[in-house]
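2 protein chains.
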Amino acid sequence: MSDLLIRNCNVLNITIDARAFILYEHDILIGGNRIEAVQPTGSADPSHFKQVIDGTGLLAMPGLINTHAHVPMVIFRGLAEDVTIEQWFNDYMWPLESNLQAEDVYWGMQLGLAEMIRSGVTSVADHYFFMDESAKAVEKAGTRALLGWAIFGSNGKEMIERTGKFISDWQGAANGRIRTIMAPHSPYLCDDDYLRACVKKAKQLHVGIHIHASENMDQTQSSLQKRGLTPIQVCEQTGILDGHTIIAHGCGVLPEDMPILAKHEVGFAHAPKTYMKLAMKTAPVLQFRQHGIPVGLATDGAVSNNTMDIFESLRLMALTQKQESGLATNMPIPEALYIATRESAKVYGLPDEIGALDPGNLADLILVNLNGIHHQPLHSMTASLVYNVRASDVVTTICDGKVLMQDGKLLTLDEAEIVSQVKAGMQRLAQRQPDKRIQVYNP
Amino acid sequence: MSDLLIRNCNVLNITIDARAFILYEHDILIGGNRIEAVQPTGSADPSHFKQVIDGTGLLAMPGLINTHAHVPMVIFRGLAEDVTIEQWFNDYMWPLESNLQAEDVYWGMQLGLAEMIRSGVTSVADHYFFMDESAKAVEKAGTRALLGWAIFGSNGKEMIERTGKFISDWQGAANGRIRTIMAPHSPYLCDDDYLRACVKKAKQLHVGIHIHASENMDQTQSSLQKRGLTPIQVCEQTGILDGHTIIAHGCGVLPEDMPILAKHEVGFAHAPKTYMKLAMKTAPVLQFRQHGIPVGLATDGAVSNNTMDIFESLRLMALTQKQESGLATNMPIPEALYIATRESAKVYGLPDEIGALDPGNLADLILVNLNGIHHQPLHSMTASLVYNVRASDVVTTICDGKVLMQDGKLLTLDEAEIVSQVKAGMQRLAQRQPDKRIQVYNP
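Keeping their order, the protein sequence lines are chains A and B.
Quick note on numbering: the first sequence equals residues 1 to 443 in the numbering used here.
Quick note on numbering: the second sequence equals residues 1001 to 1443 in the numbering used here.
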């Protein structure tokens, strides 16, 4: 008796050398939280499984991976529109975040996770505050998460200890679904001494680092002016790049940073909608990959990205890389899908466990309905996944072998309760006192 | 007894000076094919209406307008991916279109119209072949359409006469929902003499012109080299700009073209996803508007745009204009929504009839459900319309006072039949013989 059989679906297969093809009419066999086999429909006997899901006419693919988010920021979405980066931080985001209470994070995290489960996201690298609350929400939601408690130099070193306690408390929790990471905010809000102390703690606890760096060209120029080093060089010198490191954005990475990055186990989290909305040049994704530096898809927070939709990040990455490079043959569909799956898994830190429907991998997968009229006639399923799909085409989401959404119905979270709890705080959360900020942006 | 009451919805109000706000809990009263009143819920008696739709908790807004499409190209979508513009035309699109038969256009048009009705589009300016078939499909679907039969200089002047017959046959048909327009392909595929003959015929028949011009900077440079004139100057000299004119794309419009355009009744159809996908610089939308030249949203054909989703065009216009200009305060939400509604109506040629829910206007409107978890908490409905909404959030579509989709169910078209008819031709349609092209792209 095995646990779960997904029957007769078409399976997206992205090979390790980034070819993309479809296995038609296959079964996916799941035992515990692992994929046991992916095989042509026929030989698996449904009566040998505790649960059977009919995948006929649906496409199975790896659960999507969001490599950089501030999930609970969904509670503020729509509140900081059409503003510059400086205004966004100083007049909106950081005043708004002075309203944050632990409970807001608990419900905000659930709200964002519900949106992600509906959109096919099964893993998220989250970078925020009150992370014990986020961990409780992830435990309940059933997704995978890599949680980092965002800290600033101004918080003092005792906050590094507090983060360390969070890491010890939660590392490996929820059947291993929860992993943790040190999350110093950025080189512009943590001085070298503080960054070094974070690295020391991370090494002690055997976790990696999740940080913002070279988010845009202004930050890079400012760092060069102030100290003659790029933010990436600062990261190298302070040891930030010594272990597994996720760097958010990197739109200001310079050609001379590339060889440094290539020497380390670093991946970039790429959130193209944020860059467009904040009028930044996009990140050098093609150049990162030419240097062997992996790139993962991300949404960033919903105050800049508005949604938690990784399919949208996938599409915008492909479109912006073509447009920016002036060459329409760049970022072809198989490469875009490779980044969305195997390469995002690498950035997330689980390259051999998620991001592919290979036997032995963790059973994180989604079923996508490509029968909607916006896909018809379906000449190319892989083209549809990049250029036609809507998050609402995801019908079933499975993580760690457990069904989190089936046929559009969430099974682990109570959406009505979550929305009602978040709405109750809306007025309070939307208030801004410009002199009441958690930080000042002046990189 | 009046015809239709939309009860207790929130109404998007875009003023003529481009402010955006919401009228909460209003009724929309419709008599025949016109809006009679928009008023606070309460005084209208539902029993005085033949049909009542409950809009509680939904947002009503003008039906979306697609100012440039090749709708039946949906039958080819997914067949020309990751290729340059030249390959796209010469190796894919024009060989593929040599497979076209009249019946393909009839079913392809219905497929695209079904997708548009589902996405909230009620009017489309279509530019394609076998247009009698398209007109029949529009008649059946219940949408509004401005139909132009695409012609090339190589078709000979008899094709201008054929187009003239189409115009005479269909102008004002289907209760006025169908309007027609002359549609010479472009200055690079119609010589001056041919363009002048098209203009003459258009004037004779009292219709406008729908044309591709200055689609990208290469075309502009090539035209300057070959004859010392920009494509816009060619349009002016041949009379193309004399009446109501829709120009598709204009990504290659130069600053010196702006004053010429500003003197005429010209609007640009803007399809940003196509420009990104084909790695073109986007169109100078901010500059057009600074010169008082109107811009309308468009999808172009689904072989470059992949979908017929005008909400996606809206979002990508806003994002690309911010990114291209390097200023995040550009293209603020009210301006983007103004372009999507009143300004698209102007480009389409019905500025006082559609694009706004004003009493006396044609009753073209949609109901959008912003209660999905990807909008919550709903701090800003207008932000959600630009940055969060999915085409699948459209639940009800009304055109010319008739309900075309209600609660997600299409009432005028048989989707199963349409998909089955289109799928039956898939193999034949997908065949490419590179030596069998309808045209050659070499501007």
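Idealized CB from N, CA, C, for every residue including glycine.
Backbone CA spacing between residue i and residue j [nearest angstrom]
{"i": "residue 70 of chain A", "j": "residue 178 of chain A", "result": "16 Å"}
{"i": "residue 1436 of chain B", "j": "residue 1101 of chain B", "result": "15 Å"}
{"i": "residue 149 of chain A", "j": "residue 97 of chain A", "result": "15 Å"}
{"i": "residue 1124 of chain B", "j": "residue 1118 of chain B", "result": "14 Å"}
{"i": "residue 433 of chain A", "j": "residue 1012 of chain B", "result": "29 Å"}
{"i": "residue 1167 of chain B", "j": "residue 1186 of chain B", "result": "19 Å"}
{"i": "residue 53 of chain A", "j": "residue 10 of chain A", "result": "13 Å"}
{"i": "residue 1440 of chain B", "j": "residue 1089 of chain B", "result": "7 Å"}
{"i": "residue 948 of chain B", "j": "residue 108 of chain A", "result": "The question about residue 948 of chain B has no answer here: the residues shown for chain B are numbered 1001 through 1443."}
{"i": "residue 302 of chain A", "j": "residue 221 of chain A", "result": "27 Å"}
{"i": "residue 82 of chain A", "j": "residue 1335 of chain B", "result": "11 Å"}
{"i": "residue 344 of chain A", "j": "residue 428 of chain A", "result": "36 Å"}
{"i": "residue 1131 of chain B", "j": "residue 1163 of chain B", "result": "9 Å"}
{"i": "residue 184 of chain A", "j": "residue 211 of chain A", "result": "6 Å"}
{"i": "residue 20 of chain A", "j": "residue 1279 of chain B", "result": "22 Å"}
{"i": "residue 1046 of chain B", "j": "residue 1063 of chain B", "result": "23 Å"}
{"i": "residue 378 of chain A", "j": "residue 1306 of chain B", "result": "11 Å"}
{"i": "residue 1327 of chain B", "j": "residue 281 of chain A", "result": "11 Å"}
{"i": "residue 1292 of chain B", "j": "residue 1190 of chain B", "result": "28 Å"}
{"i": "residue 1103 of chain B", "j": "residue 1135 of chain B", "result": "12 Å"}
{"i": "residue 1340 of chain B", "j": "residue 1297 of chain B", "result": "6 Å"}
{"i": "residue 230 of chain A", "j": "residue 182 of chain A", "result": "21 Å"}
{"i": "residue 431 of chain A", "j": "residue 1400 of chain B", "result": "43 Å"}
Any C-beta of chain B under 7 Å from that of residue i
{"i": "residue 216 of chain A", "result": "no"}
{"i": "residue 108 of chain A", "result": "no"}
{"i": "residue 224 of chain A", "result": "no"}
{"i": "residue 115 of chain A", "result": "yes"}
{"i": "residue 276 of chain A", "result": "yes"}
{"i": "residue 333 of chain A", "result": "yes"}
{"i": "residue 411 of chain A", "result": "no"}
{"i": "residue 112 of chain A", "result": "no"}
{"i": "residue 279 of chain A", "result": "yes"}
{"i": "residue 57 of chain A", "result": "no"}
{"i": "residue 78 of chain A", "result": "yes"}
{"i": "residue 319 of chain A", "result": "yes"}
Cβ of residue i within 7 Å of any chain A Cβ
{"i": "residue 1323 of chain B", "result": "yes"}
{"i": "residue 1403 of chain B", "result": "no"}
{"i": "residue 1329 of chain B", "result": "yes"}
{"i": "residue 1349 of chain B", "result": "no"}
{"i": "residue 1005 of chain B", "result": "no"}
CB-CB length for residue i against residue j, believed under 8 Å
{"i": "residue 4 of chain A", "j": "residue 49 of chain A", "result": "6 Å"}
{"i": "residue 1068 of chain B", "j": "residue 1271 of chain B", "result": "6 Å"}
{"i": "residue 1418 of chain B", "j": "residue 1080 of chain B", "result": "No, residue 1418 of chain B and residue 1080 of chain B are not in contact; Cβ-Cβ is about 22 Å, not under 8 Å."}
{"i": "residue 1355 of chain B", "j": "residue 1151 of chain B", "result": "About 29 Å separates the two Cβ atoms, so there is no contact after all."}
{"i": "residue 1365 of chain B", "j": "residue 1398 of chain B", "result": "5 Å"}
{"i": "residue 171 of chain A", "j": "residue 207 of chain A", "result": "7 Å"}
{"i": "residue 247 of chain A", "j": "residue 195 of chain A", "result": "So it is not a contact: roughly 13 Å between Cβ atoms."}
{"i": "residue 1276 of chain B", "j": "residue 323 of chain A", "result": "4 Å"}
Cutoff 6 Å; reference residue i; Cβ partners in own chain excluding five residues on either side
{"i": "residue 395 of chain A", "result": "367, 369, 407, 408"}
{"i": "residue 1169 of chain B", "result": "none"}
{"i": "residue 111 of chain A", "result": "74, 418, 422"}
{"i": "residue 1216 of chain B", "result": "1251, 1252, 1280"}
Own chain, CB closer than 8 Å to residue i, minus 5 neighbours either side, in chain order
{"i": "residue 197 of chain A", "result": "157, 160"}
{"i": "residue 386 of chain A", "result": "314, 315, 318, 333, 336, 337"}
{"i": "residue 416 of chain A", "result": "none"}
Chain D contact for residue i (CB, 7 Å cutoff)
{"i": "residue 1326 of chain B", "result": "Of the protein chains in this structure, namely A and B, none is chain D."}
7 Å CB neighbourhood of residue i in its chain, flanking five on each side removed
{"i": "residue 1232 of chain B", "result": "1213, 1214, 1253, 1257, 1260, 1261"}
Members of the region 244-259 of chain A that neighbour chain B once the beta carbon cut-off is set at 7 Å: none
Where the region 372-392 of chain A meets chain B: residues whose CB sits under 9 Å from a CB there: 372, 373, 374, 375, 376, 377, 378, 379, 380, 381, 382, 383, 384, 386, 387, 388, 390, 391, 392
Interfacial residues, the region 1080-1096 of chain B to chain A, with Cβ spacing under 9 Å: 1081, 1082, 1083, 1084, 1085, 1087, 1088
Where the region 413-425 of chain A meets chain B: residues whose CB sits under 9 Å from a CB there: 415, 418, 419, 422, 423, 425
Chain B contacts made by the region 290-308 of chain A, where a contact means CB separation under 9 Å: 302, 305, 306, 307, 308
Positions along the region 1133-1147 of chain B whose CB lies within less than 8 Å of some CB in chain A: none
Against chain A: residues of the region 1356-1371 of chain B by CB proximity under 9 Å: 1371
Under 9 Å (Cβ pairs) to chain B, residues found in the region 17-41 of chain A: none
Positions along the region 1426-1439 of chain B whose CB lies within less than 9 Å of some CB in chain A: 1426, 1429, 1430
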